[in-house]
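> Going from the sequence shown to this note's numbering is simple: count from 1 and add 36. We put the CB at the ideal spot given by N, CA and C, even for glycine. Every value quoted in this text rests on a predicted model; they were computed, and no experiment measured them.
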Amino acid sequence: MDFLKITDIEPETLHQLIDKAIQYKKTPKPQKTLKTHDIGLFFEEYSTRTRVSLSVAVSQLGGMPHMLNKHELQITRGENIRDTAKVLSRYLDGLTARMLDHKALKEFAEKSDMPIINAMTKKHHPCQTLADLQTIKEKKGKLKNLNLAWIGDANNVCNSTILGNAMTGIKTTIASPKKYQPTKEILQEAEKYNSNIKITEDPIKAVQNADIIYTDVWISTGTEKEAEQRKKHFQGYQVNQDLIKHAKKDTIIMHCMPIDGKEITRQVVEGQNSVIIDQAENRLHSSKALLNHIYK
Ligand code: CP
Numbered sequence: 037m038d039f040l041k042i043t044d045i046e047p048e049t050l051h052q053l054i055d056k057a058i059q060y061k062k063t064p065k066p067q068k069t070l071k072t073h074d075i076g077l078f079f080e081e082y083s084t085r086t087r088v089s090l091s092v093a094v095s096q097l098g099g100m101p102h103m104l105n106k107h108e109l110q111i112t113r114g115e116n117i118r119d120t121a122k123v124l125s126r127y128l129d130g131l132t133a134r135m136l137d138h139k140a141l142k143e144f145a146e147k148s149d150m151p152i153i154n155a156m157t158k159k160h161h162p163c164q165t166l167a168d169l170q171t172i173k174e175k176k177g178k179l180k181n182l183n184l185a186w187i188g189d190a191n192n193v194c195n196s197t198i199l200g201n202a203m204t205g206i207k208t209t210i211a212s213p214k215k216y217q218p219t220k221e222i223l224q225e226a227e228k229y230n231s232n233i234k235i236t237e238d239p240i241k242a243v244q245n246a247d248i249i250y251t252d253v254w255i256s257t258g259t260e261k262e263a264e265q266r267k268k269h270f271q272g273y274q275v276n277q278d279l280i281k282h283a284k285k286d287t288i289i290m291h292c293m294p295i296d297g298k299e300i301t302r303q304v305v306e307g308q309n310s311v312i313i314d315q316a317e318n319r320l321h322s323s324k325a326l327l328n329h330i331y332k
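Pasting the structure below:
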């Protein structure tokens, strides 16, 4: 199976993966279920968490990770996706790939004869959402009927959050400037799971009943050319002490990292409501749950 977006699995499987990830966290020496598996990790873009957590997850499960930097492969010199995918499928048992263009990743998956895991495109970041849902369940003891407020850019992580929330019964409120709100396509896909989504331009309104406040950088990978314009448009969407005083006392603050500093203050990142580092740790445990599911 491929895992290109969170909806590539059924809601029941998603719940099982979250619980399995919680178990893995309590199991320092997991069963070597990936013995003899060679897994490629192909990265077109920078990555700290995804790259290292997936690599360590493969090795903790007994498999062999192979780091494939785009700049060391012939694909950078023009070799096409089909030939690359076909050839790598003869060597590897699976590939995790960070490619900005989601269509290119889909083509890679279609031409491959091995499972492909999306390690982030401009459209989806399903591995992040697995870790996020694990974190929410650990911190809140449940998922259904919680309220999540997304503040800022409705980017790839937001898309996967909207879909993951819809699949698990979390209610989502997005507070973004009009230009940066979720697309119809994502909202329609979420509707299939009876989603509960509100969209507003008012961050204070969004956080008022929030159990979870989530934000991400204003200038995501691939939007660097619009940096100055984006900084202006997102003024007023910073997650800071003034904003979180409108939220519940036990609201948790999430950010997928890396943190830029414009979208959230250091005080909030390091404050008592922040679960940001736990969230990053859970990338490892949830990756093991995903790999175990794919190769079981
Ligand atoms: N959250 C996330 O994907 O981090 P990296 O870009 O460091 O992998």
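To test your reading of the DSSP string, which unbroken beta strand (DSSP E) runs of 3 or more residues are found completely within the segment 270-311?
Listed in chain order, they are 288-291.
> Give the single residue among Ala-93, Glu-81, Arg-85, Gln-59 whose Cα lies nearest to the Cα of Lys-71.
Counting from one through the sequence shown, the residue named residue 71 turns up at place 35. The option with the nearest alpha carbon to Lys-71 is Ala-93.
> To which residues of the same chain is Thr-43 closer than 6 Å at the C-beta, ignoring the five residues directly before and after it?
The residue labelled residue 43 in the question sits at position 7 within the sequence shown. Cβ neighbours of Thr-43 beyond the five flanking positions: Leu-199.
> I need the boundaries of the beta strand (DSSP E) containing His-102, first residue and last residue.
Counted from its first residue, the sequence shown places residue 102 at position 66. Its beta strand (DSSP E) spans residues 100-105.
> Starting from Lys-207, follow its DSSP beta bridges and name the residues at the other end.
In the sequence shown, the residue the question calls residue 207 occupies position 171. Asn-183.
> Does the distance between the C-beta of Glu-72 and the nearest non-hydrogen atom of ligand 1 fall short of 7 Å?
In the sequence shown, counting from the first residue as 1, residue 72 sits at position 36. At residue 72 the sequence reads Thr, which differs from the Glu that was named. No; taking the cut-off as 7 Å, the Cβ of Thr-72 has no heavy atom of ligand 1 nearer than that.
> Tell me whether Asp-55 sits in a helix, a strand or coil according to DSSP, three-state version.
Residue numbering aside, residue 55 sits at position 19 when the sequence shown is read from its first letter. Three-state result, Asp-55: helix.
> Taking the C-alpha atoms as reference points, what is the distance between His-329 and Gln-59?
Residue mapping note: residue 329 aligns to position 293 of the sequence shown, counting from 1. Residue mapping note: residue 59 aligns to position 23 of the sequence shown, counting from 1. Near 14 Å, if we compare the C-alpha coordinates of Gln-59 and His-329.
> Return the residue from the list Lys-285, Ile-249, Thr-197, Lys-332 that minimises the CA-CA distance to Leu-169.
To locate residue 169, count along the sequence shown from 1; it is residue 133. Among Lys-285, Ile-249, Thr-197, Lys-332, the Cα nearest to that of Leu-169 is on Thr-197.
> Do Leu-279 and Pro-239 come within 8 Å of each other at the CB atom, strictly closer than that value?
What you label residue 239 is simply residue 203 of the sequence shown in a count that begins at 1. What you label residue 279 is simply residue 243 of the sequence shown in a count that begins at 1. Yes, the Cβ-Cβ distance between Pro-239 and Leu-279 is below 8 Å.
> Under the criterion of a Cβ to heavy atom distance below 7 Å, does Thr-157 qualify as lining ligand 1?
Sequence index remark: in the sequence shown, residue 157 carries index 121 (1-based). Every heavy atom of ligand 1 is 7 Å or more from the Cβ of Thr-157, so no.
> How many whole angstroms separate the CB atoms of Thr-157 and Asp-137, which I take to be in contact at a CB cut-off of 8 Å?
Here residue 157 refers to the residue found at position 121 of the sequence shown. Here residue 137 refers to the residue found at position 101 of the sequence shown. About 7 Å separates the two Cβ atoms, so the contact holds.
> Round the Cβ separation of Val-253 and Glu-299 to the nearest angstrom and send it over; I've been treating them as touching at under 8 Å.
Counted from its first residue, the sequence shown places residue 253 at position 217. Counted from its first residue, the sequence shown places residue 299 at position 263. Their Cβ separation, rounded to whole angstroms, is 6 Å, which keeps Val-253 and Glu-299 in contact under 8 Å.
> Say yes only if the C-beta of Gln-303 is nearer than 7 Å to one or more non-hydrogen atoms of ligand 1, and no if none qualify.
Within the sequence shown, residue 303 is the residue found at index 267, counting from 1. Because no heavy atom of ligand 1 lies under 7 Å away, the Cβ of Gln-303 does not count as near it: no.
> By how many angstroms is the C-alpha of Gly-114 removed from the C-alpha of Ser-125?
Locating residue 125 in the sequence shown gives position 89, where the first residue counts as 1. Locating residue 114 in the sequence shown gives position 78, where the first residue counts as 1. Straight-line Cα distance between these residues: approximately 19 Å.
> Can you find the residues in the same chain that come closer than 7 Å, C-beta to C-beta, to Ala-226, ignoring five residues on each side of it along the sequence?
As a working mapping, residue 226 is identified with position 190 in the sequence shown. Cβ within range, chain order: Ile-198, Leu-199, Ala-202, Ile-233.
> If we count the other Cβ atoms within 10 Å of its Cβ and call it buried at 16 or more, is His-321 buried or exposed?
Position 285 of the sequence shown, counted from the first residue, corresponds to residue 321. When all chains shown are included, His-321 counts as buried.
> Report the CB separation of Leu-128 from Asp-55 in whole angstroms; it is logged as a contact under 8 Å.
Taking the sequence shown and counting its residues from 1, one reaches residue 128 at position 92. Taking the sequence shown and counting its residues from 1, one reaches residue 55 at position 19. Actually they are not in contact, since the Cβ atoms of Leu-128 and Asp-55 sit about 29 Å apart, beyond 8 Å.
> Between which residues of its own chain and Lys-180 is the CB-CB distance below 6 Å, once the five residues before and five after are set aside?
In the sequence shown, counting from the first residue as 1, residue 180 sits at position 144. Gly-205.
> Which residues bound the beta strand (DSSP E) around Ile-172?
On the sequence shown, position 136 is the one that residue 172 refers to. Unbroken run through Ile-172 is the alpha helix (DSSP H), 162-176; no beta strand (DSSP E).
> Please name the residue in Ser-231, Ile-249, Gly-130, Ala-140 whose C-alpha comes closest to that of Ala-185.
As a working note, residue 185 is residue 149 in the sequence shown. Of Ser-231, Ile-249, Gly-130, Ala-140, the residue nearest in Cα terms is Ile-249.
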